[in-house]
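What follows is a short report on a single structure.
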Amino acid sequence: MALITVRFYSLWRSYLGADSTPLQADHIQDALTQLEEKFGNQLREKLETAGVHLEGKIQDYSLILLNGTTLRNLNSTALKEGDVLHIFPPVIGG
Amino acid sequence: MSPTRFLTDLSLHSLLYYNCRDSCEGISVESMTVDKDVRRLVAQSAESEAAPDGKTCLVINLKTTASISRSQGVPPKEVEITALKQGIIPSRYLRNIGTIGLEGQIKLLQSTVGVVGAGGLGSTVIELLARQGIVRLIVVDNDHFAEQNLNRQIMSTEENLGEYKVLVAAKRVKEINSATSVTTFRERLTRENAQGLLSGAHVVVDGLDNLPSRLVVEHACRQLAIPYVYASIAGFSGQLMTIFPGDVGLSSLYGSASNTAPEQGVETRIGNPPATVAMIAALQVQEVVKIITGVGTPIRNQILFVDTREFAIDRIELGR
Chain F
10 MALITVRFYS LWRSYLGADS TPLQADHIQD ALTQLEEKFG NQLREKLETA GVHLEGKIQD
70 YSLILLNGTT LRNLNSTALK EGDVLHIFPP VIGG
Chain P
1427 MSPTRFLTDL SLHSLLYYNC RDSCEGISVE SMTVDKDVRR LVAQSAESEA APDGKTCLVI
1487 NLKTTASISR SQGVPPKEVE ITALKQGIIP SRYLRNIGTI GLEGQIKLLQ STVGVVGAGG
1547 LGSTVIELLA RQGIVRLIVV DNDHFAEQNL NRQIMSTEEN LGEYKVLVAA KRVKEINSAT
1607 SVTTFRERLT RENAQGLLSG AHVVVDGLDN LPSRLVVEHA CRQLAIPYVY ASIAGFSGQL
1667 MTIFPGDVGL SSLYGSASNT APEQGVETRI GNPPATVAMI AALQVQEVVK IITGVGTPIR
1727 NQILFVDTRE FAIDRIELGR
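As they're listed, the protein sequences go chains F and P. For the first sequence, our numbering begins at 10 and goes up steadily by one. For the second sequence, our numbering begins at 1427 and goes up steadily by one.
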């Protein structure tokens, strides 16, 4: 199992009260499953308190990068020691 | 490395080009033919004034600049550039010079900036660029001011609701800086018209509120080989990156398939408050100033996050 770091940014950091968390996982999907188990309810409850109701898992309403590359552009889902997952909400207003 | 010329928009009097592939040294200014009478009049009109550091410097005021401009039949910007080249500072830029230098101010006075969207981010960007001394703005927006704009769109007032944003912006710029001209396009930027509308710009700034339009602007800027200053906001948070033609860009966040990218984000739920808009627009203007003057380092190939709820600033290096 690879020891990786998940870093939260923007609103997610504020609502989760944490900059980052370590996880052990071999594949991105393992990491996202653990992330959901650990933080999913907390994030949705915080959002609900702010009047924002979201369905689904964290990964459904977040932008996620692995070492700076969006998961949508990745060829491999395997994780290695020291990888960093960056996770934040889509911010598109102006 | 030899300079890479991204620009082909040449004026009669100046040749501007970027020296920036691996590094950005700003726009270079080559020789400019200055009318001898203008130069003489500027030198004769210069006055001594205490600079911010207490030392004495030579300045030329707004009234004199306008008078020479009228009498010699040259635009105010030519008078201002002529002054700066002689070490005489137009008073209006006195507080700029310590930051960007005389040459930096000259470069701004020879630059055109495109602003797509004249609402939240865009109107603050336009106001600040006019004050900074950008000589020409291209403003694209097909919308008019509505009540829900009043909270953050700095050019909207109770009086001008219903007026087109580009027309209000042009009027406002004229009030701020007579040396800055505004070319307005009261239409929506599309993949078909983008390059035509933005032609002549040395930098384009994002004042948009949706992702599909940003992807159009990014594509157009890559085609035109000019930098694009992207930014967006929601709630207490904003993000920004400057995208040069060969840099990574929005696909680093949203993937290469534009049809899977969301149109809007959490701002639809957590709002667009005024201070966040002003803060991020100000950072965009700083990027423009850095790109044009070569002072400082633009935020390239990385995304900047600013979150003022708990106050955190982060940068992530982006891959393709």
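We put the beta carbon where it would ideally sit given N, CA and C, even for glycine.
Asked: Contact between the stretch 1582 to 1602 of chain P and the stretch 1658 to 1672 of chain P (3+ Cβ pairs under 8 Å); Found: no
Asked: Spatially closest choice to residue 1645(P) from 1613(P), 1682(P), 1659(P), 1658(P), by CA coordinates; Found: 1682(P)
Asked: C-alpha gap between residue 1509(P) and residue 1468(P), whole angstroms; Found: 6 Å
Asked: Residue 1739(P), buried or exposed, once every other Cβ within 10 Å from all chains shown has been counted against 16; Found: exposed
Asked: Residue 86(F) versus residue 11(F) - alpha carbon distance; Found: 13 Å
Asked: Residue 75(F) (DSSP reduced to helix, strand or coil); Found: strand
Asked: Under the three-state DSSP convention, the category residue 1605(P) falls into; Found: coil
Asked: is_contact[residue 1531(P), chain F] using C-beta, thresh 8 Å; Found: no
Asked: Selection of the stretch 67 to 89 of chain F by Cβ proximity to chain P, strictly under 9 Å; Found: 70, 72, 74, 75, 76, 77, 78, 79, 80, 81, 82
Asked: Residue 1726(P) versus residue 1471(P) - alpha carbon distance; Found: 43 Å
Asked: Residue 56(F): first and last residue of the uninterrupted alpha helix (DSSP H) it sits in; Found: 50 to 58
Asked: Residues of its chain near residue 98(F), where Cβ-Cβ distance is below 8 Å and the 5 sequence neighbours each way are ignored; Found: 19, 20, 21, 70, 71, 72
Asked: Sheet register partners of residue 1669(P) (DSSP bridge); Found: 1654(P)
Asked: Run of the alpha helix (DSSP H) containing residue 1717(P), from where it starts to where it stops; Found: 1700 to 1719
Asked: The stretch 22 to 53 of chain F: positions lying closer than 7 Å to chain P by Cβ; Found: 22, 23
Asked: Test item: CB-CB of residue 1452(P) and residue 1720(P) under 8 Å; Found: yes
Asked: Residue burial classification, residue 1549(P) (beta-carbon count within 10 angstroms, cutoff 16); Found: buried
Asked: For residue 23(F), the three-state DSSP class (helix, strand or coil); Found: helix
Asked: Below-8 Å beta-carbon distance, residue 1695(P) vs any chain F residue; Found: yes
Asked: Residue 1518(P) classed as buried or exposed, judged by whether at least 16 other C-beta atoms fall within 10 angstroms; Found: buried
Asked: CB of residue 1705(P) within 8 Å of CB of residue 1732(P), strictly; Found: yes
Asked: Nearest-angstrom beta carbon gap, residue 77(F) and residue 1641(P) [assumed within contact, 8 Å]; Found: 20 Å between Cβ atoms; not a contact.
Asked: C-alpha gap between residue 82(F) and residue 1746(P), whole angstroms; Found: 7 Å
Asked: According to DSSP, residues forming a beta bridge with residue 97(F); Found: 72(F)
Asked: Beta-carbon spacing of residue 1534(P), residue 1560(P) below 8 Å; Found: yes
Asked: Contact with chain F by residue 1661(P), beta-carbon distance below 8 Å; Found: yes
Asked: Inter-residue CB distance, residue 1565(P) and residue 1505(P) (contact presumed, cutoff 8 Å); Found: That pair is no contact at about 24 Å.
Asked: Delimiting residues of the alpha helix (DSSP H) encompassing residue 1695(P); Found: 1693 to 1696
Asked: Start and end residues, alpha helix (DSSP H) containing residue 1469(P); Found: 1462 to 1471
Asked: Proximal chain P residues relative to residue 15(F), where beta-carbon distance stays under 9 Å; Found: Result: empty, since nearest Cβ-Cβ is about 13 Å, beyond 9 Å.
Asked: Any C-beta of chain P under 8 Å from that of residue 94(F); Found: no
Asked: Candidates 1514(P), 1529(P), 1489(P): closest to residue 1764(P) by CA position; Found: The shown model of chain P, from 1427 to 1746, leaves out residue 1764(P), and the question about it has no answer.
Asked: Below-8 Å beta-carbon distance, residue 1447(P) vs any chain F residue; Found: Residue placement at residue 1447(P) is poorly supported in this model, since its pLDDT is 35, which falls under 50; the coordinates still yield a value, given next. No, because no Cβ of chain F sits closer than 8 Å to the Cβ of residue 1447(P).
Asked: Positions along the stretch 1717 to 1745 of chain P whose CB lies within less than 7 Å of some CB in chain F; Found: 1731, 1733, 1735, 1736, 1738, 1740, 1742, 1743, 1744, 1745
Asked: Alpha carbon of residue 66(F) to alpha carbon of residue 42(F), nearest angstrom; Found: 9 Å
Asked: Alpha helix (DSSP H) segment containing residue 1507(P), residue limits; Found: 1502 to 1511
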